[in-house]
Each structure stands twice: as C-alpha cells, then as structure tokens.
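Below is one structure; the comments refer to it alone.
2 protein chains.
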Amino acid sequence: MQAAYDLLAERGFEGLRTRDIAAKVGVNIATLHYYYPTKEKVIRGVVGYAMGRFRSTLQPAGSPGEQLRAHFAGIRRLARDEPELFVVMGELAMRGRRDRAIAAIVRDVDATWQKMLTALLRHAAKEGAIDNSAKADDLASLIVATLKGLFILPGDGRDAKEVDRQLRALERLIT
Amino acid sequence: MQAAYDLLAERGFEGLRTRDIAAKVGVNIATLHYYYPTKEKVIRGVVGYAMGRFRSTLQPAGSPGEQLRAHFAGIRRLARDEPELFVVMGELAMRGRRDRAIAAIVRDVDATWQKMLTALLRHAAKEGAIDNSAKADDLASLIVATLKGLFILPGDGRDAKEVDRQLRALERLIT
DNA sequence: GTACCATTCAATCATCTGATTGATGGAAAG
DNA sequence: CTTTCCATCAATCAGATGATTGAATGGTAC
C-alpha cells in the first residue's frame, strides 16, 4: 500500500504500473497478485490508506475560538510534511469522475470535512469570533472548495509565503 | 483537436489513446500520425485549444461595479455550457506536475486570470463596492483558488443550486 | 517422515499501444 | 499521357502491461 501510494503520488494514475509497485516492494509481480488479485484491488487499498490518512487530520483541537485557525494551520502543516497526500487526493478526485466507487469515498470524506467545518463555524459565530451573516454550511462548503483549490491543485502560490498570505486573506474574509 | 479534446475530457490522460482519437475522426491511425507525428504533439495541440477556449472567457465586460459579479456569472455559465473545459483544465493542472511544458502554460493562464481579477478588484474597491482591507492581489489569488476548487474539482456542490449558493456566499464575503 | 498449506518466483500469455512501412488512389504539374 | 506529390490506408512491429501457470521453498500438523 505504501509503495502503491508513493508511486501514485509520483506518477499519477496515468503512470501507475503493477510491475513498478512490486519492484518497489522488492517482490515478484505474481506475489503482488497473490495478495491483490487485480490492479483494481490495489487501487481500492490505496484509496482507503490515503483517505484514512487525511481523515485523521480532520479532528479539531484547541480552544474553541482558535479552532478555525488551528484547522488551517493543520492543513498547511500537512501540505508541508506530506505533500504526496494532496497529490493523491487530487488524483482520486479526478478519477472519481469515471469511477463510482472512488467518487463515493471522496464524496464521503468531503462531507465529513464540511460538517466538521460547519460545526466549527457555528461555534466561532456564537463566540462572536466571526461574522455570521452567511449560513454556516454555505460558508463551510465554500471554504472546503477554497482549501481544495489551494492545496490540491498545483498553482502559482506553491511557496510557503504565498500560501501563508492566501490563508491569512481567507481568515480576514471570514472573521 | 476537437476529437482529442473530447476524449481527454471523457477519459482523462489515463485513458487517452491515439487509436481512439483517430477512430473518432474516422481516419486511420497512420493518418493521425501523418499530421501529429507523436502523441505528445497531439497533446500539445489540445492544450493550446483548451487554454485558448478558456482565455477567451476572461475578458471582463459590463459596468465597472458589476464586472466582478459578471465574471462569476460568466464562469458559471461556462461550467454549464461546456463542462468538458473544466475537466480538461483539471487534467492539465494535474499533468502539469510531471510535464514542465504544460505546467508553464497552465501557470501562464493562471497568472492572466489573477491579474485580470486584481485589476477588477481595484476598480471595485475605488468605487467602494467592496471592502479593500485586503491587498487586491492577495484577494485575487485567493478567489482564483476558490473558483478552481469550485469548478475544476468534482465536489458535493455539483448541482446548479449548490454552486449558486456558494458563489453568492463568496460575493457576500468579498463585498 | 509425510502430507498439507502459505508464500514466492521465473516464465509465459494475450492484449494493448504508440509508431512505422510500403502500397494505393487521385489531384496537380509538365 | 506521364510524372510528381499529397493524403490515406491495411498491415505490421516492438515494447509495455495486466494477469496466469506450474514449480520450488519452507514451515506446521500429525
């Protein structure tokens, strides 16, 4: 799974080969097929691995008023420490267009993310930390879209400074 | 180019085959290779085709104060009328990670988009239509990221209503 | 010691895929 | 009419690719 995950991040679905996965593990192709009968099964495994990894970072922590900022900081740290994760998420998002099973999983993670953000925004609004003119769930889905655009898609703002500036602009808009 | 573009939107780079392109045109593979010696050349052609298509929608129009809203409406209309374009842009963005030439082109289009938005925001700020506490270019790059996340990546908000709500939330945040 | 089972591998298969070749037909040039 | 050039095609190639097979290895149970 680790090898497949790494190769998926490195070459995308376009360049993912069962032979390469087996080679990276240092094992015969037949051995790979012994555990994962088809390439599809391998991919399913990787999807679970990657999504679990992302899910585990969604748990909010810290003082209520600071949770939103903490969440952004957490995502930014994740992007710095494990950039492959966002590449894989992009690959999965794209593949979700043509693969119902993957689409369902991606949708599920998105929904979890958005719900968490919604709750977090409601909290912050009650404390008066943010403006609550917009409905929390609308704002949450917008923020999710922004963060995805910011971290999943490769863009101009790839250097840490640029991302920092963009996140600050986002915080300023919300609060 | 049209056939290759359509197939790229339909199957992604992962499933793009020269044979299928030729078949879609109703022509022999050798004929395709007669005009485009390699698959790479075909792809370059499609990139130019797609990016030109998007670029042509970036020209702002309408009364100064309404240009921002008009821009959002234009993107939304484009997403409705030509959803393939955004799929292709997503494919290109992803491939840009592994293909310097494509990355440069994508970066260029992004920069054009962001500059246009920056100018548009400055206009609106002078008119007092929007808050100008944030630097225009920071805000512009943030908006580009949001729009990309909203339209390029497949998400929960695929139905027109959801997108409408998200765009309205974005407008409310900015103004 | 023998039978059984899980694991691994070298070799191989069938198909896919980008690309090439040599031939054919037809239009333009002389 | 003949020559030349352009466009197209059927056929084919070489390498890649997902998957399978049958044999070998080593460990466990009886």
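Chains as they are written, first to last, in numbering that gives the first Met the number 0: chain A, 0 to 174; chain B, 0 to 174. Backbone N, C-alpha and C define an ideal beta-carbon position, used for all residues, glycine too.
Within 9 Å of any Cβ in chain A, is that where the Cβ of residue i sits?
| i | result |
| --- | --- |
| Leu152/B | yes |
| Val143/B | yes |
| Gly14/B | yes |
| Gly127/B | no |
| Ile28/B | no |
Is residue i close to chain B, meaning its C-beta is less than 9 Å from at least one C-beta of that chain?
| i | result |
| --- | --- |
| Ala133/A | yes |
| Gly73/A | no |
| Ala159/A | no |
| Glu90/A | yes |
| Lys147/A | yes |
Starting from residue i, trace the alpha helix (DSSP H) in both directions and tell me its first and last residue.
| i | result |
| --- | --- |
| Phe85/B | 82-94 |
| Arg97/A | No alpha helix (DSSP H) contains Arg97/A, which DSSP labels as neither H nor E. |
| Arg52/A | 38-54 |
| Arg164/A | 159-173 |
| Phe150/A | 135-150 |
| Leu31/B | 28-34 |
| Gln1/A | 1-10 |
Please tell me whether residue i and residue j are closer than 9 Å, where the distance is taken between their beta carbons.
| i | j | result |
| --- | --- | --- |
| Tyr34/B | Tyr4/B | no |
| Val87/A | Val24/A | no |
| Phe150/A | Ile28/A | no |
| Leu152/A | Ala144/B | yes |
| Arg164/B | Ser55/A | no |
| Ala159/B | Arg68/B | no |
| Gly127/A | Met93/B | no |
| Ser111/A | Leu57/A | It should be pointed out that residue 111/A corresponds to Thr in this sequence rather than to Ser. Taking 9 Å as the Cβ cut-off, Thr111/A and Leu57/A qualify as a contacting pair. |
| His70/B | Pro82/B | no |
| Glu66/B | Leu119/B | Per the sequence presented here, residue 66/B reads as Gln, with Glu not at that position. Taking 9 Å as the Cβ cut-off, Gln66/B and Leu119/B qualify as a contacting pair. |
| Gly61/B | Leu146/A | no |
| Arg18/A | Ala100/A | no |
| Ala133/B | Arg171/A | yes |
| Leu84/A | Phe53/A | yes |
| Glu13/A | Glu13/B | yes |
Less than 7 Å between C-beta atoms, sequence neighbours within five positions excluded: which residues of the same chain meet that for residue i?
| i | result |
| --- | --- |
| Met50/A | Ile104, Val108 |
| Leu7/A | Leu15, Val45, Val87, Glu90 |
| Ile142/A | Leu116 |
| Met0/B | Gly44, Val45, Tyr48 |
| Arg121/A | Ala135 |
Here's a check: name, in chain order, each residue in its chain whose Cβ is nearer than 6 Å to the Cβ of residue i, leaving out the five neighbours to either side.
| i | result |
| --- | --- |
| Val41/A | Ala3, Tyr35 |
| Thr174/B | Ile129 |
| Asp136/B | Thr117 |
| Leu166/A | Phe71 |
Can you give me the Cβ contacts of residue i inside the same chain, cut-off strictly under 8 Å, excluding the 5 residues immediately before and after it?
| i | result |
| --- | --- |
| Arg96/A | Ala102 |
Using a threshold of 8 Å, is the CB atom of residue i nearer than that to any non-hydrogen atom of the ligand PLP?
| i | result |
| --- | --- |
| Arg97/A | The ligand PLP is not among the ligands present in this structure, which contains no ligands whatsoever. |
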